[in-house]
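Read top to bottom, the protein sequences are chains A and B. Residue numbers for the first sequence follow this note's numbering, beginning at 1 and rising by one. Residue numbers for the second sequence follow this note's numbering, beginning at 1001 and rising by one. Backbone N, C-alpha and C fix where the C-beta goes; we use that ideal spot for every residue, glycine too.
There are 2 protein chains.
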Amino acid sequence: MAPRHRVVILGGGFAGLNAAQKLKRAPVDVTLIDRRNFHLFQPLLYQVATGSLSPGEIAAPLRGVLSRQKNTQVLLGEAVDVDPDAKRVILRDGAAFDYDSLIVATGSKTSYYGHDEWKEWAPSLKTVEEATQIRHKILYAFEWAERADSEEEARAWLTFIIVGAGATGMELAGALAEIANETLKRDFRKINPREARIILMEGGNRVLAAYPEDLSTRAEELVKRLGVEIMKGVMVTDINGQGVTYKHGDVTAKLAARTVLWAGGVDINSFGKQLGVRTHAETDKVGRIKVKPDLSIPNYPDIFIAGDLALATRPDGKSLPGVAQVAMQGGTYAAKAIRARLKGKPASPPFRYFDKGDMAVIGRAAAVANIFGLHVSGLPAWLIWLFIHLMYIVEFQNRILVFVQWGFQYLTFSRGARLITGATETDVDRAKREASASTRAAS
Amino acid sequence: MAPRHRVVILGGGFAGLNAAQKLKRAPVDVTLIDRRNFHLFQPLLYQVATGSLSPGEIAAPLRGVLSRQKNTQVLLGEAVDVDPDAKRVILRDGAAFDYDSLIVATGSKTSYYGHDEWKEWAPSLKTVEEATQIRHKILYAFEWAERADSEEEARAWLTFIIVGAGATGMELAGALAEIANETLKRDFRKINPREARIILMEGGNRVLAAYPEDLSTRAEELVKRLGVEIMKGVMVTDINGQGVTYKHGDVTAKLAARTVLWAGGVDINSFGKQLGVRTHAETDKVGRIKVKPDLSIPNYPDIFIAGDLALATRPDGKSLPGVAQVAMQGGTYAAKAIRARLKGKPASPPFRYFDKGDMAVIGRAAAVANIFGLHVSGLPAWLIWLFIHLMYIVEFQNRILVFVQWGFQYLTFSRGARLITGATETDVDRAKREASASTRAAS
């Protein structure tokens, strides 16, 4: 008996997991390799950052999800290199895996546009660790404001700047406003959390630039109603422990803030870059790899790319956005293409993204949605958002847990996951001392 | 108008939180100071360590719990010193708080009996961070066993040693056995998780030494039925990355294991020690402070001690154990004593611990309980355990979440919180490399 066709999938995000699941009944041996032991439901990560959900509630262990899929093994590991001619992937620990077909779904990371030093002061929202780090930053800010020695210091602790007004930035701003206005309103004795300033800085001239214009306008109204200040057309030039320096036209200004969150750009991580080099593939400026209509790399028909790493285009020539839906459909397509080839057929028709629409939640009972071209906002959009997100959460158990958390939050404004872990008092005191020391030095 | 009586409470555990809540209607100003922003339901921490619950589900933000209690403020900070004559506590950041009455409920930490170097290899179960660290260790062990190069290496990864067979050790062993036998049984392709060895090492001659003897015997039967091996009368003499060295009588032996968990001794943390020094109080060998019948320190009637730091005795002369019930009742008593004094009355009668009993859960539908002297085991004890623990969880929302998690786990053996976070692949690979390098060096 000939050995079975070996499919190696790199990455267990939306693209990789969907690809693996769609190969369940195919006559192949699947190896899914991921750095983490879980699939993360990224669209709800901002709710972990804002204390509504626990990480466990939006993560599903990959082994558990795939345990009954007999032709599939899951391995913890990080791919660092590939030999596309020998058809082999190499992991960081030196282990090598041979493949007959490779699906690369290693996703993207955050870009600080060449200013990686900002990362220290302005965490982004890509991993579970960053989400809990943001949660700690937000909750600590109110704690230190309560214990501040001067009005000025309290004010800096109560100023929150979010850089980038895409869906993540808007959702963070909305959730932060709700924390300040409702969740914490009775919790402090010296400060009034409602006096917190939440500022959204955007380089472009409208929020949610990827959405139709009327929904941008509506989203801006909704988020302003929560008390969020929006600054459009500003370019951030520096971020440090004191706040943000930005340019607005020719004017350079500073805004003091102890908490800055980065909801900015996207970059390709190192394996994706290495793959581009090894396959001599054409890439765009962030490193996404241009794929053929069947999602394979030119000259390497056995390597498929799905998700954020793929530079695929729509019939109108626009490139597809790096969102969950595109990733899921890409993963599914790659699996189908492999199944078709095993039967000796070409992958046809070519990959075509079926755009069901976009949605962003801005606050309690407030969202905007573009569903099959229908523009909806406010409560109806919010209900659709809730329903769709609950449906797509991977494990039934998590669906129930998230439903319970959301139900309580709707009724009581309480947030179930408001713990600050990880940093000890010592670390924190040091941070506080350093922050005030540098305030003194700066003033 | 005279300023109100100031009560400072150090620690927001069972003792401190109960004391604060019992002062709700008293004519006092309460300041509750804790290093963490949450109250932790410690008795369920082993379920966080074994992936059944998320940290958020057993933690309640102190501010949230006390937000409607107008006379109480919560502060994040760590007390490092006290001046009992000036009636002042000093925090690590230098802030000082004057009190009229002080309730010290700073609890205990883990003791490695003078071998703090073992901590690196054998984490204990005291904080949320340690619980997630243990969870990662356990889950990674199976991952590395799956990827092991040799049978011997796989065997070392699949050997788990728990040191100490008190309630925590027994509960960890039972949960680990369930993980190996049920939760992960379909998840791996090379290894069989059911072949994992779980070994409980105990220095004394029976498990659950604090329990009546018949319950010890029953608990041992229950945990053995799950496949746990019990070694009694062994003294651990060394723990490192390779495993445990122990003495059994005159014989010294080694057991190779990559995962060692410490469910051993108790120590008093540094503030408790400092308090003992400042008040010239009598302490026992771990540093617990001998208190008067009203829980105050001799010569300092304004300082009360509640919880693990207090060395209080029962009428029969035995000292009270460091458990949640004693802490809750101690906190409540200290609050009552302060209220009585404000009315010019002595605190009477003296503190007397009302022992409702002990219980430990050993596995699915298996527990032992001593309730008001009634000895129960098996399913009835387990049901009582479930009910009581659900009742005592602080927030209603968490009660529902824990109920959902337990319900699913009972029905499906799935564990909702099985993520490995915090360590990157790079760290892990390094750990793995180092572990195998030292294996080679040792062999």
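Within the stretch 1059 to 1081 of chain B, the residues whose Cβ lies closer than 8 Å to any Cβ of chain A are, in chain order, Ala1059, Pro1061, Arg1063, Gly1064, Ser1067, Arg1068, Gln1073, Val1074, Leu1075, Leu1076, Gly1077, Glu1078. Interface criterion not met: the Cβ of B:Gln1274 is under 8 Å from no Cβ in chain A. Beta-bridge analysis with DSSP links B:Ile1239 to B:Val1244.
Counting along the chain, the unbroken alpha helix (DSSP H) around B:Lys1137 starts and ends at 1128 to 1146. Of all residues in the stretch 1189 to 1215 of chain B, the ones placed with a Cβ closer than 9 Å to any Cβ belonging to chain A are Arg1189, Lys1190, in chain order. A:Lys356 counts as exposed, since fewer than 16 other C-beta atoms from the protein chains shown sit within 10 angstroms of its C-beta. In this structure, the CA atom of A:Lys345 is about 9 Å from the CA atom of A:Ile338. Annotation: Cβ neighbours of B:Phe1408 in chain A (cutoff 7 Å, chain order): Gln397. Boundaries of the alpha helix (DSSP H) harbouring B:Gly1169: 1167 to 1178, taken from the DSSP string. B:Ser1319 has a beta carbon lying at 8 Å or more from every beta carbon in chain A. In this structure, the straight-line span from the alpha carbon of B:Trp1144 to that of A:Leu44 is close to 30 Å. Counting along the chain, the unbroken beta strand (DSSP E) around B:His1005 starts and ends at 1005 to 1010.
Comparing alpha carbon positions, the residue from B:Thr1110, B:Asp1085, B:Met1170, B:Lys1119 closest to B:Gln1047 is B:Met1170. The beta carbon of A:Ala60 sits closer than 7 Å to those of Phe38, His39, Val394, Glu395, Asn398, all from its chain and outside the five residues before and after it, given in chain order. Nearest in C-alpha terms to B:Tyr1211, of all of B:Val1376, B:His1005, B:Val1082, is B:Val1376. The stretch 1319 to 1337 of chain B and the stretch 1011 to 1019 of chain B touch, with no fewer than 3 CB-CB distances between them shorter than 8 Å.
Per DSSP, reduced to three states, the secondary structure at A:Gly264 is coil, with no helix or strand assignment. The beta carbon of B:Thr1252 does not come within 8 Å of any beta carbon belonging to chain A, so the residue lies off that interface.
The C-alpha of A:Glu57 is placed about 7 Å away from the C-alpha of B:Gly1416.
Looking only at B:Leu1255, B:Arg1258, B:Ile1239, B:Met1235, the smallest Cα-Cα distance to B:Lys1247 is reached by B:Met1235. When C-beta distances to chain B are compared with 9 Å, every residue of the stretch 366 to 382 of chain A stays at or above that value. Residue burial is scored here from C-beta neighbours: B:Tyr1113 has fewer than 16 other C-beta atoms within 10 angstroms and is therefore classed as exposed. The secondary-structure analysis by DSSP pairs A:Gly357 across a beta bridge with A:Ile371.
Shown here, B:Gln1073 sits in a strand according to DSSP, grouped into three states.
The beta carbon of B:Phe1014 does not come within 8 Å of any beta carbon belonging to chain A, so the residue lies off that interface.
Take the alpha-carbon of A:Ala180 and the one of B:Ala1079: they are about 28 Å apart.
It is roughly 13 Å from the alpha-carbon of A:Val277 to the alpha-carbon of A:Tyr300.
Counting only runs of at least 3 residues, the stretch 296 to 351 of chain A fully encloses the following beta strand (DSSP E) elements, listed from N- to C-terminal order: 300 to 305. A:Thr313 and A:Asp294 have their C-alpha atoms spaced approximately 11 Å apart.
The C-alpha of B:Ile1297 lies about 11 Å from the C-alpha of B:Leu1102. A:Glu229 is positioned such that its CB atom lies closer than 8 Å to that of A:Leu200.
Between B:Arg1225 and A:Asp116, the alpha-carbon positions lie close to 55 Å from each other.
Secondary structure of A:Lys190 (DSSP, three-state): coil. For A:Ala257, the closest C-alpha among the options A:Leu419, A:Arg155, A:Ala105, A:Thr110 is that of A:Arg155. B:Ala1096 is a Cβ neighbour of B:Val1089, given a cutoff of 8 Å. The beta carbons of A:Ile420 and B:Arg1135 sit about 19 Å from each other, so the pair does not count as a contact at 8 Å.
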